[in-house]
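In this note's numbering, the protein residues as written are 24 to 685. Using N, Cα and C, we set each Cβ at its ideal position, and we do this for glycine too. The block underneath contains the structure these notes are about, expressed in structure tokens.
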């Protein structure tokens, strides 16, 4: 998975024309967008802290502050996604990069853009219906602000995404026009072939699309079910955004069942405004503030001073620094892209062979996924609790610590073994003064995880309040104490970048929830009896697999494949509700299941030939994919051993929660 490129791949014979400067109106609109997401992030950071302060002072809090913070996630997700679409950076698979340059690449972009625009426009229409229904409600959050006013972010966001996807579907107006015509014609066809698809009269469509009305009524929606899914799948592999596959599948399922789409935004809204979700945005902000400042160099200095003197020390430094950053950003790919240029020269200068250094950096990027307060841990706890599993964010943090350390140790051991001998490379001697100076120089960064985890595990703050405190601490330390970021210049850019990334993630989460709810409530006919699809799957699996040990082995293989093909967030939303009832039949502890789930997804990112981190490493280090795949094999093997150890020794995950009584 990667961000979609911002421009078309052009033919070598015809270089791209220079980009035109946006008009004044466009610049003003972009400024308004950026300002809204910056203010939203700031409010999400300040309001929980004020609420915590008032609670400790035994005074009433700010009216509606909790609801405003939750709706901040909604605004951030949709407008952040719109900004990502504006920059051509919606999360997508990297497979389109292997298409031949010239017309094949351009045609793929037009096709995937048209499909993405259709799905985005359909979700925009459904969101309009939802907001119209909500407008009739008399509910008021506070200060005269009604929920529907904030829910307007959904139709606005999806509408902007649809428009901008079309604008990015071609470098010139010819490609954009083709994509727009394809999208408009397809949407009109869907509307007219299924009257309940949207509550719009066919007369509202442009006269030029009236031809669709003559064709569409002759085709039953069920007839086009599998072709529609095939088109969605093709668009993803040709460079379409990931949210299109998930949201598009939900649209196709509802459309083929002749259901109204107005219920889809409800699923999106309920998930994105979950009380725990603001922590995702705030911890992402922490990671980006640290990455954009000088924190990475200071942390590398600390770990080099204390571990660089030993054989394999630079590898240990690489592993620890990558794990630290991934634990806050929740995105291993971001770690590879942000720290690769800093850590690769350090490994090469320490005598590591280029292939071994490449493998270590690629494999270390995802190690922080099992270290608190990594975002997938929070999301797993949120979704597991919705499935009536006894999981909280706090005990999920505790359960992940042991397995996270196991993966760090086995990877570090491989790094030690890969290290050059003292005959090949003489490491610098350990100097206590340098070690203490490095600790003092990075004191503000090193205190950050201590502060965050202390207030959570001591019960002084909720997870959202702790994430707000951590974000504020990171911002103040990097602006006022470090002077790495300027309040008026660089900090707003970091906030917008955070909104862009978390917007893409929340967009995927919301549409994934649409698909999940359809699957959870789907009924199938077995022996002339309607039964839930999930119950049928549970019965089939438990009948075929009797041994819990065999089930765990098959579970690992399945999740490994899922990790290759899906990002971690959509996998949690879509796959976990299907696996949870099956795992409960085998008496697998929910915390143990969570650790197995995330560890295998982490490993799937490294699995050839389509692991996400392989594509990102190939892009970052400008190396062929085959070389990346060869370099990653030793790391993949030792981490697989670590995952199997975590799987079959559940006490590694359960010891801390049981010991601390969580």
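- Counting C-beta atoms within 10 angstroms of its own C-beta, residue 603 has 16 or more neighbours from the protein chains shown and is therefore classed as buried.
- Contact between the stretch 173–182 and the stretch 190–198 is absent: fewer than 3 CB-CB pairs across the two stretches fall below 8 Å.
- About 5 Å separates the beta carbons of residue 67 and residue 301, which is inside the 8 Å limit, making them a contact pair.
- Counting only the Cα atoms, residue 248 lies some 50 Å from residue 512.
- If you ignore the 5 residues before and after residue 652, its C-beta comes within less than 6 Å of the C-beta of 631, all in its own chain and listed in chain order.
- Here residue 555 carries a strand assignment [DSSP, helix/strand/coil].
- A check of alpha carbon separations from residue 335 across 371, 499 and 130 identifies 371 as the nearest.
- In the three-state reduction of the DSSP assignment, residue 318 falls in the helix class.
- Bridge partners of residue 548 according to DSSP: 553.
- Spanning the alpha carbons of residue 555 and residue 564 requires a straight line of approximately 15 Å.
- Taking the Cα positions, residue 405 is about 25 Å away from residue 497.
- Assigned with DSSP and collapsed to three states, residue 525 falls in helix.
- The alpha-carbon of residue 48 is positioned some 37 Å away from that of residue 362.
- Shown here, residue 304 sits in a helix according to DSSP, grouped into three states.
- Per DSSP, reduced to three states, the secondary structure at residue 165 is strand.
- Short of 7 Å from the beta carbon of residue 615, and not among the five residues preceding or following it, lie these beta carbons of its own chain, in chain order: 673, 676 and 677.
- Buried is the label assigned to residue 403, since at least 16 other Cβ atoms lie within 10 Å of its Cβ.
- By alpha-carbon distance to residue 145, the top candidate from 186, 295 and 201 is 186.
- Assignment of residue 681 by DSSP, reduced to helix, strand and coil, places it in the helix class.
- Between the alpha carbons of residue 451 and residue 329 lies a gap of roughly 11 Å.
- The C-beta distance from residue 669 to residue 396 rounds to 20 Å, too long to fall under 8 Å, and the pair is not in contact.
- Of the residues assessed, residue 349 falls on the buried side of the cut-off, its CB having 16 or more other CB atoms within 10 angstroms.
- Contact between the stretch 582–591 and the stretch 617–633 is present, with at least three C-beta pairs closer than 8 Å.
- In this structure residue 352 is buried. Its beta-carbon is surrounded by 16 or more other beta-carbon atoms within 10 angstroms.
- In the displayed model, residue 510 falls within coil according to three-state DSSP, outside both helix and strand.
- Taking a contact to require three or more Cβ pairs closer than 8 Å, the stretch 404–421 and the stretch 375–386 do not qualify as touching.
- Of the residues 428, 163 and 103, the one whose Cα lies closest to the Cα of residue 679 is 428.
- Judged by DSSP in its simplified three-state form, residue 172 adopts helix.
- Selection 541, 605, 588 and 540 evaluated against residue 571 yields 605 as nearest (Cα-Cα).
- According to the DSSP assignment, residue 613 belongs to the alpha helix (DSSP H) that extends over 613–627.
- DSSP places residue 103 inside the alpha helix (DSSP H), whose first and last residues are 88–109.
- Taking a cut-off of 8 Å for Cβ pairs, the stretch 311–326 and the stretch 274–294 do not touch, as fewer than three such pairs fall below it.
- Between the stretch 291–307 and the stretch 431–445, the count of Cβ pairs shorter than 8 Å is below three; the stretches do not touch.
- Beyond the five residues adjoining it in sequence on each side, residue 536 comes within less than 7 Å, by CB distance, of 290, 291, 294 and 596 in the same chain, given in chain order.
- Per DSSP, residue 389 is not a residue of any alpha helix (DSSP H), being assigned neither H nor E.
- In this structure the stretch 136–144 lies against the stretch 255–269, because at least three pairs of beta carbons, one per stretch, are closer than 8 Å.
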